[in-house]
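Report on the following structure.
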Amino acid sequence: MPARDYYHDVVKAAMQKDGWTITHDPYRIKLARSKNLFVDLGAERLIAAEKGLEKIAVEVKSFRSASEIKDLEEALGQFILYERLLTRYEPDRKLYLAIPEQVRQSVFEEEAGQVLLDDGLLRLLTFEPTQEVVIQWIL
5 MPARDYYHDV VKAAMQKDGW TITHDPYRIK LARSKNLFVD LGAERLIAAE KGLEKIAVEV
65 KSFRSASEIK DLEEALGQFI LYERLLTRYE PDRKLYLAIP EQVRQSVFEE EAGQVLLDDG
125 LLRLLTFEPT QEVVIQWIL
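As structure tokens, then:
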């Protein structure tokens, strides 16, 4: 099992408050030859009776190192890899990157992060760590 991110339990609690049912902790992507990758959380919630379930996977990142750009590079690489695999093996499950709201403000309001959002390369879930609540979903 992979190590949990610093904010893993915070994001899990925030998602549950936001109406999500955590179905996997962690969510396993099974690859050929018995190899596995693990996304931090798998979740679902009822959208409407006629639409069925909305399924997501959430990769939690704290951005706690000395370099936010290095954290961004690593998070982006992991996000792209997991998203491509989910698209292939479970196309109805969408991947989100969970980050503290403060990180969104400091990283994704700057040019490097904004380009990723503008070009649709990332989907974000932002949260407030001390209150354990989801702040916003950015598609």
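The numbering of the sequence shown is this note's numbering, which starts it at 5 and goes up by one.
Using N, Cα and C, we set each Cβ at its ideal position, and we do this for glycine too.
Check                                                                                                                                        : Outcome
Relative to the alpha-carbon of TYR31, which residue among GLN109, ALA18, ALA61 and TYR11 has its alpha-carbon at the smallest distance?     : ALA61
One question on the structure: do VAL14 and GLU114 come within less than 8 Å of each other, judged by their Cβ atoms?                        : no
What residue range does the beta strand (DSSP E) around LYS34 cover?                                                                         : 31 to 34
Starting from TYR100, follow its DSSP beta bridges and name the residues at the other end.                                                   : VAL62
Which partner residues of TRP141 appear in the DSSP bridge assignment?                                                                       : LEU129
Determine whether the beta carbon atoms of ILE33 and LEU89 lie at a separation below 8 Å.                                                    : yes
Identify the continuous beta strand (DSSP E) that holds PHE42 and give its terminal residues.                                                : 40 to 43
Per DSSP, which one or two residues make a beta bridge with HIS28?                                                                           : GLY46
Near HIS28, which residues of its chain fall below 7 Å by C-beta distance, leaving aside the five closest residues on each side in sequence? : LEU45 and GLY46
Buried or exposed for GLU87, going by 16 or more other Cβ atoms inside 10 Å?                                                                 : buried
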